[in-house]
Amino acid sequence: MRRVVLLALALSLQTGVAAAQEMRPFTTFRQLHGETRLHASLEYAAGALRVAPGRPTELYRMDLAFDGERFAPISDYDAARNAVSLGLRRGGTGGVRVVSRGQLQQSANIAFAPSTELDLALNLGAVDADLELGGLRLASLDLQTGASRSVVRFSRPNATRCRSAELTSGAAELSVVGLGNSRCDRVVVEGGVGSVTLDFGGTWSSSARVNVRMAMGQLTLRLPRRLGVRVTMDKFLSSFDPAGMVRQGNTFTTPGYDRAERTLDLEVTAAMGGVRVEWLEGGGEKE
Amino acid sequence: MRARSAVAALLLLGAALPTTAAASPGSFPSGSNAAELVRNFWDFVAQGDDDRRAAHPKPQAIEQAPDGGPAVDLSDLSQPTALEARLKPALTPKSGPIRLTVPGGTARLGDFSVGSTESVTGPLLVVQGDADIYGRLLGNLVTVDGDVIVHPGGLVTGDILALGGDVRDLGGEIGGEIRTLRSTTIFAQPAAAAEPPPNALETVFRRLAGVIGVFLTLAALGFGLVTFGRPNLEVVSDTVSHSFGRAFSTGLLGQILLLPTFGMLVVGLILSVAGILLLPFAVVVYGLLVVVGALGGFLAVAHAMGETYIRRRLALGAVLGSPNSYRYLTVGLGALASLWLAWAVFGWVPVAGDLIRGAAFLVTWLLATTGFGAALLSRAGIRENFAGRLIPPEALTDEYLWATPQFGVPAARRPGGTRTPTRGL
Chain D
1 MRRVVLLALA
11 LSLQTGVAAA
21 QEMRPFTTFR
31 QLHGETRLHA
41 SLEYAAGALR
51 VAPGRPTELY
61 RMDLAFDGER
71 FAPISDYDAA
81 RNAVSLGLRR
91 GGTGGVRVVS
101 RGQLQQSANI
111 AFAPSTELDL
121 ALNLGAVDAD
131 LELGGLRLAS
141 LDLQTGASRS
151 VVRFSRPNAT
161 RCRSAELTSG
171 AAELSVVGLG
181 NSRCDRVVVE
191 GGVGSVTLDF
201 GGTWSSSARV
211 NVRMAMGQLT
221 LRLPRRLGVR
231 VTMDKFLSSF
241 DPAGMVRQGN
251 TFTTPGYDRA
261 ERTLDLEVTA
271 AMGGVRVEWL
281 EGGGEKE
Chain Y
1001 MRARSAVAAL
1011 LLLGAALPTT
1021 AAASPGSFPS
1031 GSNAAELVRN
1041 FWDFVAQGDD
1051 DRRAAHPKPQ
1061 AIEQAPDGGP
1071 AVDLSDLSQP
1081 TALEARLKPA
1091 LTPKSGPIRL
1101 TVPGGTARLG
1111 DFSVGSTESV
1121 TGPLLVVQGD
1131 ADIYGRLLGN
1141 LVTVDGDVIV
1151 HPGGLVTGDI
1161 LALGGDVRDL
1171 GGEIGGEIRT
1181 LRSTTIFAQP
1191 AAAAEPPPNA
1201 LETVFRRLAG
1211 VIGVFLTLAA
1221 LGFGLVTFGR
1231 PNLEVVSDTV
1241 SHSFGRAFST
1251 GLLGQILLLP
1261 TFGMLVVGLI
1271 LSVAGILLLP
1281 FAVVVYGLLV
1291 VVGALGGFLA
1301 VAHAMGETYI
1311 RRRLALGAVL
1321 GSPNSYRYLT
1331 VGLGALASLW
1341 LAWAVFGWVP
1351 VAGDLIRGAA
1361 FLVTWLLATT
1371 GFGAALLSRA
1381 GIRENFAGRL
1391 IPPEALTDEY
1401 LWATPQFGVP
1411 AARRPGGTRT
1421 PTRGL
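Protein sequences appear in the order of chains D and Y. Under our numbering, the first residue of the first sequence is numbered 1, with each subsequent residue one higher. Under our numbering, the first residue of the second sequence is numbered 1001, with each subsequent residue one higher.
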C-alpha cells in the first residue's frame, strides 16, 4: 500500500515538475528588401520543426517556443553574405531534462520568401521535422539529421533549378516525398540506422541522378511508372526486390528505360537491411 | 451633433492629457501640435484597453552610469537571451534609480516616440515603455517591457529587439532583423521570501488540527460503513480479533504482492488483445479495490479494538450506553488517534517527538496491515472462516437448540455426519 502511495506521489511530483517547464516565445523576421538570394543555415537541437514558404514581403521568419533554461535561439543575419542563421541550440544552466516526446513542447515554424533563391542547410538533433519545400526557389539543400523523424515534402514544383540535394540521416526516420518536384540535378542520400523512404513522385522536368548509401535499415523507393528507371545495386547482406525490373548484372532497369523521355538513374549501396520498390501510378498515386 | 461632441472631447483631451513620450525637448524636436493632439487622443483610447501601457512610468531619460557603472552595448542583438541577461542587473539596481550607459546611443524610461520629422542616431533603448517610430532611427532599437510600433513612413536602419513586448510594423521600413522575445525575466518579481518557520505553539495547533481532521474523516467513513455494510464490517472485525497473526501475515504478503499482481493484470490484459479495451477500467478498479481494502480494514481494526474494550468494561460491570458498532468504532478510532495526538502535542520535543512519531507510524502501519489482511482473508467480509464463528447464527436460536442436540450422545447419533455445523468451512 505504501509503495502505491509513494509511486503515485512520485508520479504526481514528476508531472508537476514537467508542467512547470515554461516555454518562451521568440519571433524573428526580416523584411524583404529586394534580396534575390539567401543562404539559410538552420540548426535545431530538439523539438518540433516546420519549414514552409512564407509571406512574399518577408525574407524569412521564425516563430519559436523554447525552453529558456536549456536552449537559446539562434537568429543572425549577415547582410554582406546574404546569409542567415536560425534555430535553437543547447545552452543555459538547466541541465538535461528527461521527458517524453509529448512533454517536449519546443516548436519552431520557419518560413522563407517564395521569391528568393534559397540555399538551405539544416542540422537537426532530436527533432520531429516537417519540411515543406515545395513552392520555394530552392537552389540547394543540405539536410543532416540526428535521432530525428523528418519528412521532406515537395508538394509543389520547385520554382528554380536545384543544383543538389544532400540528405544525411543518423539514427533516424527520413521520408522525402515528391522528389520529382524538387528539380534537383543530383540527389545524394546517406542513411545510417533507421528507415529511409524516397518518393520520386511529382512533375519531372528533366532526368536526374540519385545516389543512395544505406548503412543499416530499410530503404523504400517509390518510383513513378512513367519514368525510365535504372537501379545500380551494390549490396552486402541486404535484400532487394526488383519488382518487375529487368536485371543485367548489378543493374536493374524498367522495360521502357531506353525510350523514356525522362530517366532516373539510381545508384544504391546497401550494407545491411532491405531495399524495397513500390510503384507509383500517374501523378504519384501508390500502386 | 456627434461630430461636435467628438471635437469637444478631442480638445478636452488635448488640454487634459499629459503629453506622451516625446523626445526630450533639448535633443529631439517634437512634431506639430495637431499631430500630437491626435496621437494623444488615440493613446487615450488605447489606454482603455491596455492596462500595461497605463502602468508605464513617466517618460524620462535614463541617466548615464558613472565610470565603471553598468554599460550595455546594443550593437549586436543576435543573442537576445544573452543581452537580456546583461540588461537585467543594470535595469534592476538594488537601490536608487536606473543608471545605464548605452555606448553611442540613448536610453529612455517610459514611452518614447520618434516624430516624423525627427532623426535619432545610434542605438536606442526604451525601458518599460513603447517605442513609436514615425521618423528615422539610424541604429538598433531595443525595448524592455514595451512594444515597438513602426508607423508608415518610419524607418529603423538597424535591428529591433523587443524583450517582453511585440513589434508591430504598420507600414514602416526596417532595415535589420526584427526579434521578439515576448516574455522577459528582467522585471520579474523575485520569488517570495520563505515564510518564517512556525513556532512550537503554532506547530502544535496545526498538527492537532491535521490529526483531528483525518480522524474525523475516518469516523465519517466508518459510520457510513456501519450504516450500509455492517455485516461485512463485523466479519472483518471478527477476523481481526480471532485471527490477528494470520491477518497480519496476509496483509504483509498482500502489500508485497500488490505491484506484481498489478503488473500481471496489465500484462495479461494486454496479451489477451481484447482485454486491452478493459485495461483503463481494470486499472481504476484495481486501485479502488486496494484503497477500499486498506481503508475498510483499518476501520475494521478500529471497530475490533472498540468492541474488545467495551465488552471488557461491560464484563467488569461498567454502565455504558448501548454497545453498538458506532460506539465501537468511535472508541477504536479514538484509541488510534491518541498516539497521533500525543505526537501532535509533543512532536516538537527534540528526540522524543521523533520517537513518538515513529511509534505512531509503526502502530498505524501494523494495524492497517492487519486490517488489510483481514479484509483479504474474509473476502471483504463475505467469508467467516477466520472470524471465529464456528456455529451459524441460526444454530443459536432456542428452537434450533431444543430440536437439534448440538453436543453429546444424541448429537453423535444424529444422521448426516458428525461435524459440528459450521458455515463456509
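We treat Cβ as the ideally placed atom computed from N, Cα and C, and that holds for glycine. Model, not experiment: these values are computed from the prediction.
What residue does the beta strand (DSSP E) around T1121(Y) start on, and which one ends it? S1119 to T1121
Looking at the strands, I want to know which residues DSSP matches up with G194(D). A172(D) and G217(D)
Assigned exposure category for D67(D) - 16 Cβ within 10 Å defines buried: buried
For D234(D), go through chain Y and note every residue whose CB falls closer than 9 Å to its CB, in chain order. Near D234(D) there are no residues of chain Y at all, since even the closest Cβ is about 43 Å away, more than 9 Å.
Could you check if Q31(D) is buried or exposed, using at least 16 other CB atoms within 10 Å of its CB as the buried criterion? buried
From R153(D) to V1267(Y), what does the alpha carbon distance come to, in whole angstroms? 40 Å
So which residues of chain D does E1177(Y) contact, with C-beta pairs closer than 7 Å? T28, R30, S75 and Y77
According to DSSP, simplified to helix, strand and coil, what is E43(D)? strand
How many angstroms separate the CA atom of T57(D) from the CA atom of S175(D)? 30 Å
For S148(D) and V351(D), believed in contact at Cβ under 8 Å, the rounded distance: Residue 351(D) is absent from the structure shown; chain D starts at 1 and stops at 287.
Quick one: list the residues of chain Y neighbouring R225(D), beta-carbon separation under 9 Å, in chain order. By Cβ distance, chain Y contributes nothing, its closest Cβ being about 39 Å from R225(D), past 9 Å.
Roughly how many whole angstroms lie between the Cα atoms of V277(D) and T1261(Y)? 47 Å
So, under 8 Å CB-CB, G1332(Y) and V1236(Y) are touching, yes? Tell me the CB distance rounded to an integer number of Å. About 13 Å; that fails the 8 Å criterion.
Helix, strand or coil for G274(D), going by three-state DSSP, please let me know. strand
What does the alpha-carbon distance come out to for the pair E1384(Y) and L1288(Y)? 23 Å
Does the separation of the CB atoms of G1135(Y) and G1115(Y) fall below 7 Å? yes
Is it the case that the Cβ atoms of R156(D) and G135(D) are separated by a distance below 7 Å? yes
Taking the beta carbon of T1101(Y) as the centre, do at least 16 other beta carbons fall within 10 Å, making it buried, or is it exposed? buried
8 Å Cβ cut-off: residues of chain D touching L1288(Y): Here the premise fails: no neighbours, minimum Cβ distance about 12 Å.
Three CB pairs or more closer than 8 Å across the region 1104 to 1112 of chain Y and the region 1125 to 1132 of chain Y: yes
Between T254(D) and R213(D), is the Cβ-Cβ spacing less than 7 Å? no
Sheet register partners of M1264(Y) (DSSP bridge): Answer by DSSP bridge pairing: none, since M1264(Y) is not bridged.
Find the residues of chain D that neighbour I1174(Y), judging by a C-beta separation of less than 7 Å, and give them in chain order. Q31
Quick check on Y1309(Y): does DSSP put it in helix, strand or coil? helix
Where S1249(Y) sits in the DSSP three-state scheme: helix
Pair within 7 Å by beta-carbon distance, V1226(Y) and Y1326(Y): yes
For V268(D), which three-state DSSP category applies? strand
Contact criterion: CB-CB distance below 7 Å. Does S1378(Y) meet it with respect to chain D? no
CB A108(D) to CB L59(D), shorter than 7 Å? no
Return the CA-CA distance between L1077(Y) and P1059(Y), expressed in angstroms with no decimal places. 24 Å
Are the Cβ atoms of A208(D) and G228(D) separated by less than 7 Å? no
Work out the CA separation of W279(D) and L221(D) for me, nearest whole Å. 8 Å
Can F252(D) and P224(D) be called in contact, C-beta distance under 7 Å? no
Buried or exposed: which applies to V1285(Y), given that a residue is buried once 16 or more other Cβ atoms fall within 10 Å of its Cβ? exposed
State yes or no: is the C-beta of L1252(Y) within less than 7 Å of the C-beta of T1092(Y)? no
Taking 6 Å as the cut-off, is the beta-carbon of A147(D) closer than that to any non-hydrogen atom of the ligand ATP? The ligand ATP is absent from the structure shown, which contains no ligand whatsoever.
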